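Colleague: Sharing a structure, written as structure tokens. Questions coming.
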Amino acid sequence: MPLISVRNLQKTYIDDGVETRAVRGIDLDINEGEFVSIVGPSGSGKSTLTQMLGFLDRPTGGTYLFEGKEMNNYSDDELAFIRNTKIGFVFQSFNLLARQSVLDNVKLPLIYAGITEPKRTHIAKEMVELVGLGDRMLYDTSKLSGGQKQRVAIARALANNPRVIFADEPTGSLDSKSGEVVLEFLQNLHAKGGTIVLVTHESYVAESAQRILHIKDGLLDKDEKVKNRRIIAQDGFNK
Amino acid sequence: MKLQDNITMAVRGVTTHKSRAILTILGIVIGIASITLVMAIGDGAQNLIVGEIQGLGTQNVYVIPGRQSGLKSGGNLMVDSIKNKDFEDMQKKSNIPDAQLVIPMVFGPGTATYGSESYDGTFLGSTQDFFTSSNVDMTKGQGTLFSADDVLQKAKVAVIGNLVANQLFGFSSAVGQNIKIKDQSFRVVGVLPEMGQMAAVNLNESIVVPYTTAQQYILGIRYIQRIIIQADSVANIPNVQKDVTTLLRNNHNITDPTKDDFFTQTQQDLIGTISTITNILTILLTSVAAISLLVGGIGIMNIMLVSVTERTREIGLRKALGATNSNILSQFLMEAVILTISGGVIGILVGILMSLGAAWAITTFGGLSFVFIFPVVGVILGVTVSSAIGFVFGVFPARQASRKSPMEALRYE
Chain V
9 MPLISVRNLQ
19 KTYIDDGVET
29 RAVRGIDLDI
39 NEGEFVSIVG
49 PSGSGKSTLT
59 QMLGFLDRPT
69 GGTYLFEGKE
79 MNNYSDDELA
89 FIRNTKIGFV
99 FQSFNLLARQ
109 SVLDNVKLPL
119 IYAGITEPKR
129 THIAKEMVEL
139 VGLGDRMLYD
149 TSKLSGGQKQ
159 RVAIARALAN
169 NPRVIFADEP
179 TGSLDSKSGE
189 VVLEFLQNLH
199 AKGGTIVLVT
209 HESYVAESAQ
219 RILHIKDGLL
229 DKDEKVKNRR
239 IIAQDGFNK
Chain X
181 MKLQDNITMA
191 VRGVTTHKSR
201 AILTILGIVI
211 GIASITLVMA
221 IGDGAQNLIV
231 GEIQGLGTQN
241 VYVIPGRQSG
251 LKSGGNLMVD
261 SIKNKDFEDM
271 QKKSNIPDAQ
281 LVIPMVFGPG
291 TATYGSESYD
301 GTFLGSTQDF
311 FTSSNVDMTK
321 GQGTLFSADD
331 VLQKAKVAVI
341 GNLVANQLFG
351 FSSAVGQNIK
361 IKDQSFRVVG
371 VLPEMGQMAA
381 VNLNESIVVP
391 YTTAQQYILG
401 IRYIQRIIIQ
411 ADSVANIPNV
421 QKDVTTLLRN
431 NHNITDPTKD
441 DFFTQTQQDL
451 IGTISTITNI
461 LTILLTSVAA
471 ISLLVGGIGI
481 MNIMLVSVTE
491 RTREIGLRKA
501 LGATNSNILS
511 QFLMEAVILT
521 ISGGVIGILV
531 GILMSLGAAW
541 AITTFGGLSF
551 VFIFPVVGVI
561 LGVTVSSAIG
571 FVFGVFPARQ
581 ASRKSPMEAL
591 RYE
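Just so you know, the protein sequences line up as chains V and X, in that order. Our numbering puts the first residue of the first sequence at 9, with every later residue one more than the last. Our numbering puts the first residue of the second sequence at 181, with every later residue one more than the last.
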């Protein structure tokens, strides 16, 4: 049973009476433990698709099965629970809370999960150590470099041990070296059994995944396995 | 999410923009400080006045000419209805058996002179019993008081307050000297010891003469402005009121009680009236202060709405990480309540400091023994009202925040 399974998934926006069909009927399955890239030109509908797959937005048509369960009629609170416990997000612009420490940012999803303070501090410290920022736990996030910020975002995404990580242009705001470090970490996670969905418009980034979904004009244009997968040196964030 | 986490998040949200938070709560601070100040001053004033009235003795019945205000108009037309004969009849034990002292009072402003010095003060005409009822201890004063004979003979003698003596005589002795009042010469027989304020009368600033003398030589009247009857016990006050009423109706040939040309008042009536007046004033002033609270509340709502817009991406992020609509609602509501409660607490402290300052100023410059009373009701009201304002004016912005779609909120720029 696939972890994610969508059939004829659609999203239509109506703004000032003008109808825009961002996703026009996509069928796809993503299995547990897969590393999938979603690529496509700007305006192709790849971000809208990812947002629906990550429960940030509701489809206007089609069906969505997550862990084999139909998600279409879930309430806002039920979707919030799924986002909190089963999904991890990494955004292009990091989306960290300014004027708060690294540790406090990583704790945030744990707070919404209702985990007690001592336990969430313990988990958050583990995650921060994992991304190689153990010496900056109490740093204000606004004082970190772009690469370090994205590592904090990854630590936060991992905090609740999610079933799948959605990374939307995670290297888009980083220099090439920092971008490589982030991709390497995602490959490490995948190697340990994690499910990753990576959204990008850059082919060399997409090639770090096993499989590439090409989105064009709101439709799945091509679903291909990466023949020459780009494997980044496996020495982690601590190099 | 636990309440403690909610409070921690809200405190962080508020303290992120400290100067804005301080400016936001200014309206609440001013409103709550004003309410606390008004209540503290109101309670203090009420306490002062009631204390003064009680200081005169709780057994007093006041007989006042005219009609009681509020019943019918025209009361002031009968200010001369109580004559000397009425007073003399009241003194007869058979007429009012439960009275232990009957004290007539006439009074008015005037000027006393001695040599080149003059003093503008209050002239009080009464009998020697007035001093008894006022607990005057002449061992601490100078000279003597005037006697019953002085009253009978309309003697031109005066007992003066210590401030009057200081003004007219400085360091030299006043007793035995003659002062001039309305071109009449009065011999000072005594100087009163320093005494506190007694209701409307400050004995330190008064010149007390026999009432018969005052009627003839100073005021030029043939009536009595007040009679104070001291009952022998609090329990007998109703009997005294009844006997006085019967006596005066007989003397004035009144058969219809609605046509009484006098009325009686007890200490309790006075205290009740004063309390009602101060309470009404306090409510009135509190209502004015409440308007600034309303304005402050609208200010809070305005800033919270701005904050919700500014933090749209943060709201989107929190939702992406698992915050429910109610988590977001309670966070923003808590921020509004924390803002207003902080404003309330600061307002209470400012109000108390201002009240202490006012009490000190009234005592120092007003010559009154004004005691600061901690405004318990004001404090309870301040905290309750400020948190209620935070809640009421925070609901709308908080609902706006909670209803944002996570995706749209994350895309907001």
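We put the CB at the ideal spot given by N, CA and C, even for glycine. From a predicted model like this one, the values you see are computed outputs, not experimental measurements.
Excluding the five sequence neighbours on either side, which residues of its own chain have a C-beta within less than 6 Å of the C-beta of X/L251, listed in chain order?
Modeller: The predicted position of X/L251 is uncertain, since its pLDDT is 47 and thus under 50; a value taken from the coordinates is nonetheless stated next. Once the five neighbours on either side are set aside, X/L251 has no close Cβ partner at all.
Colleague: Going along chain V in order, which residues have a C-beta closer than 7 Å to the C-beta of X/M587?
Modeller: Q59, L64, D65, listed in chain order.
Colleague: Take V/L64 as the anchor and find which of X/A503, X/I215, X/V355 has the nearest alpha-carbon.
Modeller: Closest option to V/L64, Cα to Cα, is X/A503.
Colleague: Excluding sequence positions up to five away, which residues of its chain have a Cβ less than 8 Å from the Cβ of X/G255?
Modeller: Here X/G255 scores only 47 on pLDDT, less than 50, and its place in the model should not be relied on; the value that follows carries that caveat. G246, R247, Q248, S249, listed in sequence order.
Colleague: Which ranges does the beta strand (DSSP E) cover as unbroken runs of at least 3 residues, wholly within the stretch 373-433 of chain X, from first to last along the chain?
Modeller: For the stretch 373-433 of chain X, whole beta strand (DSSP E) runs of length 3 or above, ordered along the chain, are 386-390, 406-411.
Colleague: Pull the bridge partners of X/A338 from the DSSP assignment, please.
Modeller: For X/A338, which the question treats as bridged, DSSP gives the partners X/V368.
Colleague: Does the pairing of the stretch 94-102 of chain V with the stretch 209-226 of chain V give three or more beta-carbon distances under 8 Å?
Modeller: Verdict: no, contact absent.
Colleague: So which residues of chain B does X/N507 contact, with C-beta pairs closer than 7 Å?
Modeller: In the structure shown, chain B cannot be found, because the protein chains are V and X.
Colleague: From the DSSP output, in three-state form, read off V/Y120 for me.
Modeller: DSSP places V/Y120 in helix when its eight states are reduced to three.
Colleague: According to DSSP, is X/S487 part of a helix, a strand, or is it coil?
Modeller: Three-state DSSP puts X/S487 in a helix.
Colleague: Run through chain X and tell me which residues come within less than 7 Å of V/P117, C-beta to C-beta.
Modeller: Those are L501, G502, listed as they occur along chain X.
Colleague: Got a sec? Which residues, its chain only, sit under 8 Å from X/R200 by beta carbon, not counting five neighbours each side?
Modeller: Closer than 8 Å at Cβ, skipping near neighbours: I483.
Colleague: X/P289 by DSSP, collapsed to three states: which one?
Modeller: If DSSP states are grouped into helix, strand and coil, X/P289 belongs with the strands.
Colleague: In this structure, does DSSP put X/K360 in helix, strand or coil?
Modeller: Of the three classes helix, strand and coil, the one that applies to X/K360 here is strand, per DSSP.
Colleague: Label V/M9 either buried or exposed according to how many other C-beta atoms from any shown protein chain fall within 10 Å of its C-beta, with 16 as the threshold for buried.
Modeller: Exposed: under 16 other Cβ atoms inside 10 Å.
Colleague: Three or more beta-carbon pairs under 8 Å between the stretch 160-168 of chain V and the stretch 130-149 of chain V, yes or no?
Modeller: Taking 8 Å as the limit for Cβ pairs, the verdict is that the stretch 130-149 of chain V does touch the stretch 160-168 of chain V.
Colleague: Taking the Cβ atom as the reference point for each residue, do X/R357 and X/Y294 lie within a distance shorter than 8 Å?
Modeller: It is Gln, not Arg, that sits at residue 357 of chain X in the sequence shown. Taking 8 Å as the Cβ cut-off, X/Q357 and X/Y294 qualify as a contacting pair.
Colleague: Quick one: what's got a C-beta closer than 8 Å to X/I518's C-beta in the same chain, skipping five residues either side?
Modeller: The residues are I187, A190, V191, V194, G570.
Colleague: Give the interface partners of X/R192 over in chain V, defined as CB-CB distance under 9 Å, in chain order.
Modeller: Going along chain V in sequence order, the residues near X/R192 (Cβ under 9 Å) are L105, R107, Q108, D112.
Colleague: At a Cβ cut of 8 Å, what residues of the stretch 65-97 of chain V count as close to chain X, listed as they run along the chain?
Modeller: Going along the stretch 65-97 of chain V in chain order, one finds D65, D84, D85, A88, F89, R91, N92, T93, F97 with a Cβ nearer than 8 Å to chain X.
Colleague: Shorter than 8 Å from the beta carbon of X/D185 to some beta carbon of chain V?
Modeller: Interface residue, yes.
Colleague: Keeping to the same chain, check which residues put their C-beta closer than 6 Å to that of V/T56; ignore five residues upstream and five downstream.
Modeller: Once the five neighbours on either side are set aside, the close Cβ partners of V/T56 are K19, A30, V31.
Colleague: In this structure, does DSSP put V/D85 in helix, strand or coil?
Modeller: Three-state DSSP puts V/D85 in a helix.
Colleague: Using only CA atoms, which one of X/T204, X/I212, X/V218 lies nearest to X/I463?
Modeller: Checking every option, the nearest Cα to that of X/I463 belongs to X/V218.
Colleague: Can you tell me where the alpha helix (DSSP H) with X/D185 in it begins and where it stops?
Modeller: Segment 183-195, the alpha helix (DSSP H) holding X/D185.
Colleague: What residue from X/L561, X/E494, X/A589 has the CA that sits closest to V/N113's CA?
Modeller: Of X/L561, X/E494, X/A589, the residue nearest in Cα terms is X/E494.
Colleague: Go through its chain and collect everything with a Cβ distance to V/G201's Cβ below 6 Å, but skip five positions before and after it.
Modeller: Only G41 meet the Cβ criterion.
Colleague: Taking a contact to mean a Cβ-Cβ separation below 8 Å, would you say X/G341 touches X/V355 in this structure?
Modeller: Cβ atoms of X/G341 and X/V355: not closer than 8 Å.
Colleague: Please classify X/L203: is it buried, with 16 or more other beta-carbons within 10 angstroms of its beta-carbon, or exposed?
Modeller: So X/L203 ends up on the exposed side.
Colleague: Identify, in the order they occur along the chain, each residue of the same chain with its Cβ nearer than 6 Å to the Cβ of V/K247, setting aside the five sequence neighbours on each side.
Modeller: Caution is warranted here: a pLDDT of 46 is assigned to V/K247, below 50, making its placement in the model unreliable, and no coordinate value can be reported.
Colleague: Distance, Cα to Cα, V/I154 vs V/K115?
Modeller: Sequence check: residue 154 of chain V is Gly here, not Ile. For V/G154 and V/K115, the distance between alpha carbons rounds to 20 Å.
Colleague: Bridge partners of V/R15, per DSSP?
Modeller: For V/R15, which the question treats as bridged, DSSP gives the partners V/T71.
Colleague: Would you check if there are 3 or more beta carbon pairs closer than 8 Å linking the stretch 207-225 of chain X to the stretch 473-489 of chain X?
Modeller: Yes, the stretch 207-225 of chain X touches the stretch 473-489 of chain X.
Colleague: Along chain V, in chain order, which residues have C-beta atoms closer than 7 Å to that of X/R579?
Modeller: Within 7 Å Cβ-Cβ: nothing; X/R579 doesn't reach chain V, min ~14 Å.
Colleague: Apart from the five residues just before and just after X/A328, which ones in its own chain have a Cβ nearer than 8 Å to its Cβ?
Modeller: Around X/A328: T307, Q308.
Colleague: Are the C-beta atoms of X/E494 and some chain V residue less than 8 Å apart?
Modeller: Closer than 8 Å to some Cβ of chain V, the Cβ of X/E494 qualifies, so yes.
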